[in-house]
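Visitor:
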Amino acid sequence: MKAAEAGPAPEVFRPPVSSVLALDFQQLKTKLQTYLRPEDVGRVEAAYHFSADAHAGQFRVSGEPYVSHPVAVCSLVADWHLDPQALIAALLHDVMEDTHITKAEIAERFGKVSAELVDGLSKLDKIEFRSQEEAQAENFRKMLLAMASDLRVILIKLADRLHNMRTLDHMRPAKRRRIANETLEIYAPIANRLGLNDLFRELQELSFRNKYPLRFEVLAKAIRSARGNRREVVGKILASIEERLPQWGIAAEVQGREKHLYGIYRKMVEKHLSFSQVLDIYGFRVIVKDVPSCYLALGALHSMYKPVPGKFKDYLAIPKANGYQSLHTTLIGPFGMPVEVQIRTREMHHIAETGVASHWLYKEDEKTLTELQQKTHSWLQSLLELQSASGEATEFLEHVKIDLFPGEVYVFSPKGKIFSMPKGSTPVDFAYAVHTDVGNRCVACRINGDLMPLRSELRNGDQVEIITAAHANPNPAWLSYARTGKARAQIRHFMKNAQQDESVTLGERLLNQALRPHGLTLGQISSFAWDRFLRDRGVRHKKEVFSDLGLGKRLPVIVARRLAEAQDLESGRPDVVKPKPAGAISIRGSEGVAVQLARCCHPIPGDPIIGTLRKGQGLEVHTHDCPNVAKLRGDRGRWVDVEWEHMVDDRLFDVGIRVLSHNACGVLARVASAIAEEDSNIQSVSMDGGQGEYTALNFTVQVHDRMHLARVMRGVRRVQEVVRIGRVKADGRVG
484 MKAAEAGPAP EVFRPPVSSV LALDFQQLKT KLQTYLRPED VGRVEAAYHF SADAHAGQFR
544 VSGEPYVSHP VAVCSLVADW HLDPQALIAA LLHDVMEDTH ITKAEIAERF GKVSAELVDG
604 LSKLDKIEFR SQEEAQAENF RKMLLAMASD LRVILIKLAD RLHNMRTLDH MRPAKRRRIA
664 NETLEIYAPI ANRLGLNDLF RELQELSFRN KYPLRFEVLA KAIRSARGNR REVVGKILAS
724 IEERLPQWGI AAEVQGREKH LYGIYRKMVE KHLSFSQVLD IYGFRVIVKD VPSCYLALGA
784 LHSMYKPVPG KFKDYLAIPK ANGYQSLHTT LIGPFGMPVE VQIRTREMHH IAETGVASHW
844 LYKEDEKTLT ELQQKTHSWL QSLLELQSAS GEATEFLEHV KIDLFPGEVY VFSPKGKIFS
904 MPKGSTPVDF AYAVHTDVGN RCVACRINGD LMPLRSELRN GDQVEIITAA HANPNPAWLS
964 YARTGKARAQ IRHFMKNAQQ DESVTLGERL LNQALRPHGL TLGQISSFAW DRFLRDRGVR
1024 HKKEVFSDLG LGKRLPVIVA RRLAEAQDLE SGRPDVVKPK PAGAISIRGS EGVAVQLARC
1084 CHPIPGDPII GTLRKGQGLE VHTHDCPNVA KLRGDRGRWV DVEWEHMVDD RLFDVGIRVL
1144 SHNACGVLAR VASAIAEEDS NIQSVSMDGG QGEYTALNFT VQVHDRMHLA RVMRGVRRVQ
1204 EVVRIGRVKA DGRVG
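Below, the structure is given as structure tokens:
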């Protein structure tokens, strides 16, 4: 926004501040004057005085006036040459949280845009959450969604976190570890995802120092010792590179650098190495004028030192998701020391160091910047998709965390389009990366032309083709191997929608049954009682309660008791005639997601059954003698009386049988034929050897009900070689 659009210049407040603080702002002002117009510098100065006035009397844990923190954050943001609106928001980023200042006041004095930025940076202090983790997740969700609409929110937040990490020494150790861990899990990966390489590395180093102070010191001491021993070798390599490149007609700037402590520590942990085994603690960077010079420099270096096979990466042809471009190679230097070299152009170097902030800093290469902005925009849009598909804040945060770590696998569509995927991704992840509908309708895949399982792990260079079917749906089993946040969020979203209607219907039936001992039915609960119940539990609608009941997230007996208590509070309620004792819930076994037949005991129509509520999974039906039900004897609140509904459809149910027979030629074929003659399908078969003259055959067969199973077993008994047959129970015994 231009100065003319901001309305009248805000009144300048000038509270007393320390001379040190005045000096800090004077240094910031000098920095701003290098790229802002005088009137914009005046607006930022007005925001500084406004912030100092709002934070008057507040101090940091270190004892400094609190306003020193916003000034430091604004100074960091100014290094990226952000606009006056962002600078004002940086100075005011804590006033809504820590003072009486409102969003409306900020908008009136400094404009609506700055007020929106400050609001996006403020925590949700006025809302009560069930746990600290939920509150933190909800705050992250708010910040990330604000970032999706305006990238300046996260740039200011990252500057805020960097200054907090730099001044963490005054915090108690437990809090330092918590903040350091949070920075490693969320903020450092976001900085990396946005291409802010310098910021990313510094956040990692500061987090390492505060999370593991002893390990940091030991490793730092080891680096200092190694530095002296290897200085001569490093100098020799640097000199030889600087000498060789001009011989090939390449003008280049060569930089030698020591690798960061956290990177060395991660390598030691992941590869189980001691420090003495980590040889490549030094790296070199070659900066040239254009792309052809990058490849020419690579040839010059490979002619000088032998490259390590498999250690070459071309991020020029295929840039990373955050826009990073460079050639990486590892060479065997003098005395067998591995040397890592990065080769890039100056424009690529600017983008590697400042990422999306390079939009404000450097504008020479518009094509590169446009591609970078497009990638960033795509990622921000994916955040909005994750938000719409994720129900809870904690689930949203889990999906974002997965996607924050950089992709390492590059695969191709049949048309040659390149997709960057996280390491460990499967064809399911690829299908959702192509399009949500492709993921939802996925049934099979071809990798490099061969039909492969959907759980196959993708490798660099794979060509992946997804096979879809019009009526296919996501499989819950995909969650066990889907790697990307988008795939996991969309699978869960689909399953939740599929469950919703079923779980609401089941929840109504469960609650109606639980209300009968109280002399009530669901239709007799007054609106007053419902309103009281919903208000006390912070729930918006009855459907949410029914859904939670159907999914096992709430217990029907407890909800029924609370509703009965709320009903009793209504004055003048007429006496309710106590109905007949509660009856069992009828099930068909084909209800879908909300009602599942237990896989441990495989109940079939005709079996005595009992239902148990499993949190988040709905009603699970077991046989009455299932050992897994016996384990729940003490948790009666999760038991539900169920019975089989009279069915006339052709639904088939899986059941296990074990056949002991004489070890004779062709016995398996004769038993299978006997099963087929009774109109039963064989799902699977296995054999147990090692029983001398006998063989145990294990079948999973499909039957309509208990009577059908009895006919199948009679048919098998008629086979001459069969000695014994029985149904396999949940504990593996045969009954």
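With this note's numbering as the guide, the letters of the sequence shown map in order to residues 484 to 1218.
Every residue, glycine too, gets a C-beta built ideally from N, C-alpha and C.
Going by CA-CA distance only, name the one from Glu-715, Arg-676 and Arg-660 that's closest to Tyr-695.
Guide: Position 212 of the sequence shown, counted from the start, is the residue given in the question as residue 695. Cα-wise, what sits closest to Tyr-695 is Arg-660.
Visitor: Smallest Cα separation from Lys-1181: which of Tyr-549, Val-550, Asp-1137 and Thr-1095?
Guide: Residue mapping note: residue 1181 aligns to position 698 of the sequence shown, counting from 1. In the sequence as presented, Lys is not what sits at residue 1181; that position holds Asn. Considering only alpha carbons, the answer is Asp-1137.
Visitor: Taking 8 Å as the cut-off, decide whether the C-beta atoms of Arg-1207 and Leu-1151 are in contact.
Guide: Taking the sequence shown and counting its residues from 1, the one referred to as residue 1207 is at position 724. Taking the sequence shown and counting its residues from 1, the one referred to as residue 1151 is at position 668. Going by C-beta atoms, Arg-1207 is not nearer than 8 Å to Leu-1151.
Visitor: Tell me, to the nearest whole angstrom, how far the beta carbon of Leu-941 is from that of Phe-895; I am working on the premise that it is less than 8 Å.
Guide: On the sequence shown, residue 941 is found 458 positions in, with the first residue counted as 1. On the sequence shown, residue 895 is found 412 positions in, with the first residue counted as 1. The pair is not a contact, with the Cβ atoms about 10 Å apart (cut-off 8 Å).
Visitor: Do Cys-1083 and Ala-1213 have their beta-carbon atoms positioned less than 8 Å apart in this structure?
Guide: Reading the sequence shown from its first residue, position 730 is the one you call residue 1213. Reading the sequence shown from its first residue, position 600 is the one you call residue 1083. Taking 8 Å as the Cβ cut-off, Ala-1213 and Cys-1083 qualify as a contacting pair.
Visitor: Tell me which residues share the same chain as Gly-819 and place their Cβ nearer than 6 Å to its Cβ, disregarding the 5 neighbours each side in the sequence.
Guide: Counting from one through the sequence shown, the residue named residue 819 turns up at place 336. Result list for Gly-819: empty, nothing under 6 Å.
Visitor: Do Val-926 and Ile-950 have their CB atoms nearer than 8 Å?
Guide: The sequence position of residue 926 within the sequence shown is 443, counting from 1. The sequence position of residue 950 within the sequence shown is 467, counting from 1. Their beta carbons are under 8 Å apart, which means Val-926 touches Ile-950 by this criterion.
Visitor: Mapping the DSSP letters down to three states, classify Cys-777 as helix, strand or coil.
Guide: Taking the first residue of the sequence shown as position 1, residue 777 is located at position 294. Looking at Cys-777 - three-state DSSP - the assignment turns out to be helix.
Visitor: According to DSSP, which residues form a beta bridge with Leu-1096?
Guide: The residue given as residue 1096 occupies position 613 in the sequence shown. Bridge partners of Leu-1096: Leu-1102.
Visitor: Helix, strand or coil: which one does DSSP assign to Arg-1037?
Guide: The sequence position of residue 1037 within the sequence shown is 554, counting from 1. Coil at Arg-1037, not helix or strand.
Visitor: Does His-1085 pass the burial test, meaning 16 or more other C-beta atoms within 10 Å, or should it be called exposed?
Guide: On the sequence shown, position 602 is the one that residue 1085 refers to. Buried is the call here.
Visitor: For a test of the three-state rule: what should DSSP assign to Cys-516, helix, strand or coil?
Guide: By one-based count along the sequence shown, residue 516 stands at place 33. Here residue 516 is Gln; the residue named in the question, Cys, does not match the sequence. Three-state result, Gln-516: coil.
Visitor: Does the Cβ of Lys-719 have 16 or more other Cβ atoms within 10 Å, making it buried, or fewer, making it exposed?
Guide: Indexing the sequence shown from 1 puts residue 719 at position 236. By the neighbour-count rule (16 or more Cβ atoms within 10 Å), Lys-719 is not buried but exposed.
Visitor: Who pairs with Asn-1181 in a beta bridge, going by DSSP?
Guide: As a working mapping, residue 1181 is identified with position 698 in the sequence shown. Note: Asn-1181 sits in a beta bridge opposite Arg-1141 and Ser-1169.
Visitor: State the Cα-Cα distance for the pair Gly-1149 and Gly-1198, rounded to the nearest angstrom.
Guide: Locating residue 1149 in the sequence shown gives position 666, where the first residue counts as 1. Locating residue 1198 in the sequence shown gives position 715, where the first residue counts as 1. Going by the C-alpha atoms only, they are around 17 Å apart.
Visitor: Please list, in chain order, all residues of the same chain as Glu-1160 whose beta carbon is under 7 Å from its beta carbon, the five residues on each side excluded.
Guide: The residue you call residue 1160 lines up with position 677 of the sequence shown. The answer, listed in chain order, is Gly-1198.
Visitor: Out of Val-601, Val-1186, Lys-1114 and Leu-728, which has the shortest C-alpha to C-alpha gap to Gly-1139?
Guide: For the purposes of this step, residue 1139 is taken as residue 656 along the sequence shown, with counting starting at 1. For the residues Val-601, Val-1186, Lys-1114 and Leu-728, the minimum Cα distance to Gly-1139 belongs to Val-1186.
Visitor: Distance, Cα to Cα, Ile-974 vs Thr-919?
Guide: Position 491 of the sequence shown, counted from the start, is the residue given in the question as residue 974. Position 436 of the sequence shown, counted from the start, is the residue given in the question as residue 919. Each residue's Cα considered, the two are about 10 Å apart.
Visitor: Assign Asn-664 to one of two classes, buried (16 or more other C-beta atoms within 10 Å of its C-beta) or exposed (fewer than that).
Guide: Translated into the one-based positions of the sequence shown, residue 664 becomes position 181. Per the 10 Å Cβ criterion, exposed.
Visitor: Report the three-state DSSP secondary structure of Phe-699 (helix, strand or coil).
Guide: Your numbering for residue 699 matches position 216 in the sequence shown. Reduced to three states, the DSSP call for Phe-699 is helix.
Visitor: Alpha carbon to alpha carbon, what distance is there between Gly-990 and Tyr-745?
Guide: Here residue 745 refers to the residue found at position 262 when the sequence shown is read from its first residue. Here residue 990 refers to the residue found at position 507 when the sequence shown is read from its first residue. Cα to Cα, Tyr-745 sits roughly 51 Å from Gly-990.
Visitor: Spatial neighbours of Ile-706 within its chain, please: CB distance less than 8 Å, with the 5 preceding and 5 following residues excluded, ordered by chain position.
Guide: The residue labelled residue 706 in the question sits at position 223 within the sequence shown. For Ile-706, where only same-chain residues beyond five positions count, the Cβ hits under 8 Å are Glu-741, Leu-744, Ile-747 and Ile-764.
Visitor: In its own chain, which residues sit with a C-beta less than 7 Å from the C-beta of Ser-1167, not counting the 5 before and 5 after it?
Guide: For the purposes of this step, residue 1167 is taken as the residue at position 684 of the sequence shown. Within the same chain, Ser-1167 has close Cβ partners Thr-1183.
Visitor: Helix, strand or coil for Tyr-438? Go by DSSP, reduced to three states.
Guide: Past the edges of the chain, shown from 484 to 1218, lies residue 438, and the structure says nothing about it.
Visitor: Considering only the alpha carbon of each residue, which of Arg-644, Leu-781, His-832 and Asp-1124 lies closest to Ala-555?
Guide: In the sequence shown, residue 555 corresponds to position 72, counting from 1. Residue Arg-644 is the option with its Cα nearest to Ala-555.
Visitor: I'd like the list of long-range same chain contacts for Pro-1062, defined as Cβ closer than 8 Å, with 5 residues on each side in sequence excluded.
Guide: Translated into the one-based positions of the sequence shown, residue 1062 becomes position 579. Here Pro-1062 scores only 36 on pLDDT, less than 50, and its place in the model is too uncertain to base an answer on.
Visitor: Pick helix, strand or coil for Gln-825, following the three-state DSSP scheme.
Guide: Position 342 of the sequence shown, counting from 1, holds the residue named residue 825. Looking at Gln-825 - three-state DSSP - the assignment turns out to be strand.
Visitor: Kindly indicate the opening and closing residues of the beta strand (DSSP E) around Cys-925.
Guide: The residue given as residue 925 occupies position 442 in the sequence shown. Here the beta strand (DSSP E) through Cys-925 covers 925-930.
Visitor: So, using beta-carbon positions, are Gln-516 and Val-527 closer together than 8 Å?
Guide: Taking the first residue of the sequence shown as 1, we reach residue 516 at position 33. Taking the first residue of the sequence shown as 1, we reach residue 527 at position 44. Taking 8 Å as the Cβ cut-off, Gln-516 and Val-527 do not qualify as a contacting pair.
Visitor: Can you tell me which of Ile-1165, His-811, Lys-789 and Val-791 puts its alpha carbon nearest to the alpha carbon of Tyr-798?
Guide: Working through the sequence shown from its first residue, we reach residue 798 at position 315. Ranking the options by Cα distance to Tyr-798, first place goes to His-811.
Visitor: For Gln-808, is the classification buried or exposed, using 16 other Cβ atoms within 10 angstroms of its Cβ as the cut-off for buried?
Guide: On the sequence shown, position 325 is the one that residue 808 refers to. Counting Cβ neighbours within 10 Å, Gln-808 comes out buried, since at least 16 surround it.
Visitor: Straight-line CA distance for Ala-970 to Lys-906?
Guide: Your numbering for residue 970 matches position 487 in the sequence shown. Your numbering for residue 906 matches position 423 in the sequence shown. Roughly 14 Å separates the two Cα atoms.
Visitor: For Gly-793, tell me which candidate among Ile-815, Ala-783, Lys-772 and Asp-773 has the shortest Cα-Cα distance.
Guide: Taking the sequence shown and counting its residues from 1, the one referred to as residue 793 is at position 310. Of Ile-815, Ala-783, Lys-772 and Asp-773, the residue nearest in Cα terms is Ile-815.
Visitor: Buried or exposed: Ile-1165, going by 16 or more other Cβ atoms within 10 Å of its Cβ?
Guide: By 1-based counting over the sequence shown, the position of residue 1165 is 682. Answer is exposed; the Cβ neighbour count stays below 16.
Visitor: Is DSSP giving Arg-707 helix, strand or coil here?
Guide: Numbered from its first residue, the sequence shown carries residue 707 at position 224. Of the three classes helix, strand and coil, the one that applies to Arg-707 here is helix, per DSSP.
Visitor: Please name the residue in Cys-777, Val-544, Phe-767 and Ala-529 whose C-alpha comes closest to that of Val-824.
Guide: In the sequence shown, the residue the question calls residue 824 occupies position 341. For Val-824, the nearest C-alpha among the options comes from Phe-767.
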